[in-house]
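So the sequence shown is numbered by full-length UniProt numbering: it starts at 1 and just counts up by one. As structure tokens, the structure follows; a few thoughts come after it.
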Amino acid sequence: MADKDLVSSNSYTLRDCFSAELLRRIATPDTKKAAKRQPGRYKKGISSTKSIDAAKLCDVTTSDHQQQQNDAEELAEFIDEIFDSLPLELQCLSYSAIQADPSLAKRMSSPHDTAIETLLHLQTSISESLTAYALLPATTSVQNLLVATLTSYVQSTTAAPPVWSNTKASAAGCEICSRDWVPLTYHHLIPKSTHERARKRGWHEDWMLNSVAWLCRACHNYVHSIESNEGLAKDYYTVEKLLARDDVRRWAHWVGKVRWKARTYDKVNFLLPTTEEPPSHYNYVAQSSYAALRTTARTLGSTMMTTAFLQRILEELQRSVENDPLLRCGPEALSQIITTPDIPLKLANEKLHVFPFKDVDICWRRLYTDAGISRAIRLIRNDTGSEDWLNQTIKQLDMVLIMTGAPLREEMVERILSRLQDDAGFCGKDWSDTFDKTTLRIPGLLFPVEQSVLTLSQFRKILQASQPHVIKEAINYWPALTTRPWSSPSYLRYCTIGGRRLVPVELGRSYTDDDWGQAIIPFAEFLDKFILKPGSSMAYLAQHDLLAQIPALREDIVIPDFCYTDPPCADLCLSHPSYPATKLDEPLLNAWFGPAGTISPLHTDPYHNILCQIVGKKYVRIYNPNQRTKLYPRGTENGIDMSNTSRVPPELVEMSLGPDDEFPLFDEAQYVETILSEGDSLYIPAGWWHYVRSLSISFSVSFWWN
Numbered sequence: 001m002a003d004k005d006l007v008s009s010n011s012y013t014l015r016d017c018f019s020a021e022l023l024r025r026i027a028t029p030d031t032k033k034a035a036k037r038q039p040g041r042y043k044k045g046i047s048s049t050k051s052i053d054a055a056k057l058c059d060v061t062t063s064d065h066q067q068q069q070n071d072a073e074e075l076a077e078f079i080d081e082i083f084d085s086l087p088l089e090l091q092c093l094s095y096s097a098i099q100a101d102p103s104l105a106k107r108m109s110s111p112h113d114t115a116i117e118t119l120l121h122l123q124t125s126i127s128e129s130l131t132a133y134a135l136l137p138a139t140t141s142v143q144n145l146l147v148a149t150l151t152s153y154v155q156s157t158t159a160a161p162p163v164w165s166n167t168k169a170s171a172a173g174c175e176i177c178s179r180d181w182v183p184l185t186y187h188h189l190i191p192k193s194t195h196e197r198a199r200k201r202g203w204h205e206d207w208m209l210n211s212v213a214w215l216c217r218a219c220h221n222y223v224h225s226i227e228s229n230e231g232l233a234k235d236y237y238t239v240e241k242l243l244a245r246d247d248v249r250r251w252a253h254w255v256g257k258v259r260w261k262a263r264t265y266d267k268v269n270f271l272l273p274t275t276e277e278p279p280s281h282y283n284y285v286a287q288s289s290y291a292a293l294r295t296t297a298r299t300l301g302s303t304m305m306t307t308a309f310l311q312r313i314l315e316e317l318q319r320s321v322e323n324d325p326l327l328r329c330g331p332e333a334l335s336q337i338i339t340t341p342d343i344p345l346k347l348a349n350e351k352l353h354v355f356p357f358k359d360v361d362i363c364w365r366r367l368y369t370d371a372g373i374s375r376a377i378r379l380i381r382n383d384t385g386s387e388d389w390l391n392q393t394i395k396q397l398d399m400v401l402i403m404t405g406a407p408l409r410e411e412m413v414e415r416i417l418s419r420l421q422d423d424a425g426f427c428g429k430d431w432s433d434t435f436d437k438t439t440l441r442i443p444g445l446l447f448p449v450e451q452s453v454l455t456l457s458q459f460r461k462i463l464q465a466s467q468p469h470v471i472k473e474a475i476n477y478w479p480a481l482t483t484r485p486w487s488s489p490s491y492l493r494y495c496t497i498g499g500r501r502l503v504p505v506e507l508g509r510s511y512t513d514d515d516w517g518q519a520i521i522p523f524a525e526f527l528d529k530f531i532l533k534p535g536s537s538m539a540y541l542a543q544h545d546l547l548a549q550i551p552a553l554r555e556d557i558v559i560p561d562f563c564y565t566d567p568p569c570a571d572l573c574l575s576h577p578s579y580p581a582t583k584l585d586e587p588l589l590n591a592w593f594g595p596a597g598t599i600s601p602l603h604t605d606p607y608h609n610i611l612c613q614i615v616g617k618k619y620v621r622i623y624n625p626n627q628r629t630k631l632y633p634r635g636t637e638n639g640i641d642m643s644n645t646s647r648v649p650p651e652l653v654e655m656s657l658g659p660d661d662e663f664p665l666f667d668e669a670q671y672v673e674t675i676l677s678e679g680d681s682l683y684i685p686a687g688w689w690h691y692v693r694s695l696s697i698s699f700s701v702s703f704w705w706n
């Protein structure tokens with residue numbers, strides 16, 4: 001059975017090809033005079049007895065507008081009749097079809113033969129109509145017309161899909177909402193986590209698996225919210241199929257209309273609330289001077305958030321959802337979320353600190369989340385009388401994200417934070433400033449890790465061999481290293497709303513030190529105190545999903561394709577007590593940002609890891625799991641399993657002083673080592689022990705997968 005969508009699409013393609021060829025021929029007519037014939041022999045042909053010339057098709061006057069429109073419609077119907085006369089294999093022609101049937105590809109490679117075969121299927125009246133209306137000089141020219149038209153048609157319908165490319169310059173705008181002034185992200189139309197299943201079950205051909213759409217972050221998130229990865233892979237693997245859904249079209253209309261002023265107010269990052277029509281005073285604002293624009297934008301932003309946007313947030317908070325874990329907190333706590341949020345917030349906070357995080361009932365995380373959002377709304381409305389409402393609001397929302405992960409409300413928190421972006425105090429986008437590039441002494445390498453540029457197939461071989469490898473030039477195209485540089489303090493402040501966003505940091509050189517601690521502080525404080533003007537104390541933003549907390553930074557990187565390969569399961573890893581029992585659907589991302597001298601002590605992780613170096617340099621030493629007994633793993637300490645961390649102190653790892661009295665076998669342990677520079681990616685197999693030390697101000701992202 002023919003694919004109706006494909007046939008319909010191909011009919012429009014033939015219209016374009018046929019019309020283009022006719023216009024070309026009319027614009028450069030044959031010197032031979034066309035024979036005059038009486039019209040009417042083709043019942044559904046073009047009804048006008050006038051000759052159609054290129055000028056009239058392209059230059060429509062007011063008086064001729066209706067006649068020209070009728071002519072165009074009749075021409076389209078006429079071409080549709082031609083399409084219906086084509087052989088079925090021509091009507092259903094596609095790249096997939098010629099991939100599945102090589103003989104079809106061979107036949108279609110000769111437009112002359114295809115045209116002759118097509119002539120056999122055409123009604124005689126069609127060729128007569130073409131000459132009757134002076135579209136062709138003679139009936140014998142039909143074959144030449146068809147050769148040119150079908151050549152164009154075959155090339156269009158059988159063109160291979162664009163090769164997936166690692167470049168941010170490949171799209172003019174979001175393919176869902178069409179906004180062309182917002183950052184774009186890759187959307188793998190067939191999610192990579194489903195590729196193996198798609199191959200095994202025959203959902204798609206291999207050539208389709210790397211199909212990519214360019215979507216803004218809002219549309220990207222929305223697409224993943226409407227279906228599971230498997231559902232997207234099976235049913236919505238093209239942009240056209242996504243846009244065929246009513247909910248996606250409504251979303252595209254909403255997001256495109258809601259944020260239409262973002263382009264005008266780009267320099268002040270001003271976003272209007274959800275409203276179908278712009279405010280009446282827009283014209284005044286748009287024509288104001290830059291200073292007046294900023295002042296007015298701030299005023300409008302505050303007013304609009306209070307009257308419309310915030311009310312919708314409160315309504316969502318009060319909307320009851322069946323089976324919501326929040327309901328287990330009891331009616332009294334639920335009744336206080338909107339009216340007196342501080343009370344349930346305090347209760348939930350106490351519950352969160354009674355047990356380890358993994359043992360806390362999700363109902364208390366839900367209570368902390370909703371009460372925290374409600375309190376943030378009150379701060380925005382200034383109901384509490386706080387003068388520092390912006391800082392306090394951001395602090396409250398970040399505490400929700402950090403303490404609980406905002407279950408069921410992550411998108412809501414992101415919406416509120418995006419509305420607060422205007423008050424960050426940034427107008428320009430000059431990211432030319434950079435961190436100090438001073439490095440500590442770079443150690444010599446005795447046993448260097450192998451390094452090279454890798455293709456995906458080459459990486460699979462390394463994966464099967466389970467050997468560390470430095471992958472060169474895999475991330476050089478990332479905006480984080482180019483147009484939106486993480487090496488710029490100004491850019492990082494911009495992404496964190498003027499540095500107001502809270503981040504969890506580790507205080508001290510290493511988590512194995514006695515003076516090690518943790519704190520949650522504003523990003524600006526971390527930047528100023530520990531990065532730009534470091535003192536005797538040290539702090540490290542380590543193993544934190546910063547990119548989920550701050551989506552603006554997530555848009556600056558792309559998960560490496562290597563993370564979607566299926567690695568082998570090493571027996572040594574399976575025997576480790578913390579090895580994950582289930583396969584991850586998506587890679588786990590963690591950020592590592594700190595000054596020179598920060599250390600990750602010798603330890604092992606249960607995931608395969610690709611560590612990408614974005615800013616600065618790092619020294620990494622790696623040990624095979626078979627060296628475990630020489631690395632002196634820790635035991636259980638204060639009820640916590642620390643067996644993935646070595647007892648060997650960090651200062652002993654890089655020193656070559658011979659056997660140590662306490663750790664005599666450590667000096668015999670075999671290792672490999674490397675210096676990671678900006679743009680390098682290091683593959684560390686699951687279960688391999690590794691020690692990491694920053695040689696300069698350093699920003700890295702790790703991708704864990706299994």
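From the three backbone atoms N, C-alpha and C, an ideal C-beta is built for every residue, glycine too. As the structure is a prediction and not an experimental result, all values here were calculated from the model.
The Cβ-Cβ distance between V360 and K346 does not fall below 9 Å. Taking all protein chains in view, the Cβ of W704 is crowded by 16 or more other Cβ atoms within 10 Å, so the residue is classified as buried. For E654, there is no enclosing beta strand (DSSP E), as DSSP marks it with neither H nor E. For Q396, the enclosing alpha helix (DSSP H) has its first and last residue at 389-404. DSSP places S211 in the coil class of the three-state scheme, outside both helix and strand.
If you ignore the 5 residues before and after I337, its C-beta comes within less than 7 Å of the C-beta of L317, P344, D370, A371, S374, all in its own chain and listed in chain order. Residue pairing by DSSP places I640 opposite E637 in a beta bridge.
Within the segment 502-539, the runs of alpha helix (DSSP H) at least 4 residues long that lie entirely inside it are, in chain order, 523-526.
With respect to the 9 Å criterion, T674 and P479 are not classified as neighbours on the basis of their beta carbons. Pairwise C-beta distances place the segment 228-237 in contact with the segment 194-214, as three or more of them are shorter than 8 Å.
Restricting attention to D235, Q464, E175, the CA atom closest to the CA of W251 is found in E175. V672 is the residue among G635, E651, V672, I610 whose C-alpha sits nearest the C-alpha of N624. W592 has S700 as its beta-bridge partners, per DSSP. Less than 9 Å divides the Cβ of V620 from the Cβ of H690. Bounds of any alpha helix (DSSP H) do not take in L676; it lies within the beta strand (DSSP E) bounded by 671-676. The shortest C-alpha to C-alpha distance from M208 to any of C219, N609, K192 is the one to K192. For W431, same chain residues with a beta-carbon under 6 Å away, outside a window of 5 residues either side, are P485, S488, S490, Y491 in chain order.
Between the C-alpha atoms of S8 and L184 there is a straight-line separation of about 30 Å.
Residues of the same chain with a CB within less than 7 Å of the CB of S96, apart from the 5 flanking positions on each side, are E205 in chain order.
According to the DSSP assignment, S335 belongs to the alpha helix (DSSP H) that extends over 331-339. An exposed status is given to H253, since fewer than 16 other beta-carbon atoms sit within 10 Å of its beta-carbon. Cβ neighbours of F699 within its own chain (closer than 6 Å, five residues either side excluded): W486, F593, I614, V615. Note on geometry: alpha-carbon atoms of P331 and L367 lie some 12 Å from one another.
Around the CB of I442, fewer than 16 other CB atoms lie within 10 Å, so the residue is classed as exposed. Using a C-beta cut-off of 8 Å, the segment 396-406 makes contact with the segment 497-511, since at least three inter-stretch Cβ pairs fall below that distance.
Residue state for H220 is assigned as helix, using DSSP reduced to three classes. Each of P522, R509, Q518, L481 was checked against the Cα of I497, and the nearest Cα belongs to P522. If you draw a straight line from the Cα of I697 to the Cα of L611, it comes to about 16 Å. The residue from E525, K533, A542 with its alpha-carbon nearest to that of G517 is A542.
Counting only runs of at least 4 residues, the segment 450-507 fully encloses the following alpha helix (DSSP H) elements, listed from N- to C-terminal order: 456-465, 489-495.
Proximity to E651 across K234, S600, W364, A76 peaks at S600, based on C-alpha coordinates.
The three-state secondary structure of P664, taken from DSSP, is coil.
Per the C-alpha coordinates, the member of K630, V248, H603 positioned closest to D641 is H603.
C-alpha of N638 to C-alpha of D246: approximately 55 Å in a straight line. Judged by DSSP secondary structure, V239 falls outside any beta strand (DSSP E) and instead within the alpha helix (DSSP H) spanning 239-243. For A686, the three-state secondary structure derived from DSSP is coil.
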